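In the working numbering, the protein residues as written are 50 to 228.
Okay, here's the thing in structure tokens:
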């Protein structure tokens with residue numbers, strides 16, 4: 050069949066076992082949206098994939114795109130942003146998994162979305178720099194919901210969440226600065 054090759058900057062949303070030694074990988078590609086790809090023999094050899102294919106890893110993904118098929122092939126991946134600090138902190142890993150699952154559910158297959166890509170990469174970058182702060186996660190959720198067309202604000206989320214008065218005050222000050 051018809052196919053083309055492309056290299057794209059991507060964040061790895063999720064990877065799971067597929068058939069014998071393959072991985073089924075969900076990527077959020079900067080210019081192509083969410084893509085489901087097969088990494089052949091990835092569970093046997095990390096050489097072609099620049100190390101482990103783990104959630105949140107930013108990579109340059111070399112893809113074989115198969116015309117008329119939903120499942121493409123990841124032929125090579127070079128890690129461009131390793132996540133060293135996130136990997137050492139269970140709270141950051143938990144926040145990363147939550148953020149990336151929401152992004153995966155919101156992203157449309159094959160539909161580029163610069164705002165969603167920016168929200169995803171921004172969240173990963175923040176988690177790599179600093180521990181997960183509840184107010185930052187609430188602000189991120191509000192931005193994601195607004196991008197999805199929901200008329201929800203961070204102030205509404207702050208009122209609904211079971212936050213301490215101090216954290217609520219901090220969040221409301223941050224929201225006030227953002228408007």
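By construction, the Cβ of each residue, glycine as well, lies at the ideal position given by its N, Cα and C atoms.
Predicted model, so just to flag it, every value in this text is computed and none were measured.
Start-to-end residues for the alpha helix (DSSP H) that takes in residue 164: For the purposes of this step, residue 164 is taken as residue 115 along the chain shown, with counting starting at 1. First-last of the alpha helix (DSSP H) with residue 164: 163-178.
Classification of residue 59 by the beta-carbon crowding that lies within 10 angstroms, buried from 16 upward: Taking the chain shown and counting its residues from 1, one reaches residue 59 at position 10. Around the CB of residue 59, 16 or more other CB atoms lie within 10 Å, so the residue is classed as buried.
Within 7 Å, strictly: CB atoms of residue 82 and residue 162: Locating residue 82 in the chain shown gives position 33, counting from the first residue. Locating residue 162 in the chain shown gives position 113, counting from the first residue. Residue 162 is positioned such that its CB atom lies closer than 7 Å to that of residue 82.
Cβ contact (3+ pairs, closer than 8 Å) linking the stretch 184-191 and the stretch 107-115: No: fewer than three Cβ pairs fall under 8 Å.
Presumed contact (8 Å Cβ cut-off) between residue 120 and residue 85, rounded CB distance: Taking the first residue of the chain shown as position 1, residue 120 is located at position 71. Taking the first residue of the chain shown as position 1, residue 85 is located at position 36. Their Cβ separation, rounded to whole angstroms, is 6 Å, which keeps residue 120 and residue 85 in contact under 8 Å.
At least three beta-carbon pairs within less than 8 Å, the stretch 128-140 to the stretch 190-201: No, the stretch 128-140 does not touch the stretch 190-201.
Where residue 227 sits in the DSSP three-state scheme: Against the chain shown, residue 227 aligns to sequence position 178. Because residue 227 sits at a pLDDT of 47, beneath the cut-off of 50, its placement in the model cannot be relied upon, and the following sentence gives the value as read from the coordinates. The three-state reading of DSSP puts residue 227 in helix, counting H, G and I together.
Under 7 Å between C-beta atoms of residue 76 and residue 88: Walking along the chain shown from the start, residue 76 turns up at place 27. Walking along the chain shown from the start, residue 88 turns up at place 39. Residue 88 sits away from residue 76, with the two beta carbons spaced by 7 Å or more.
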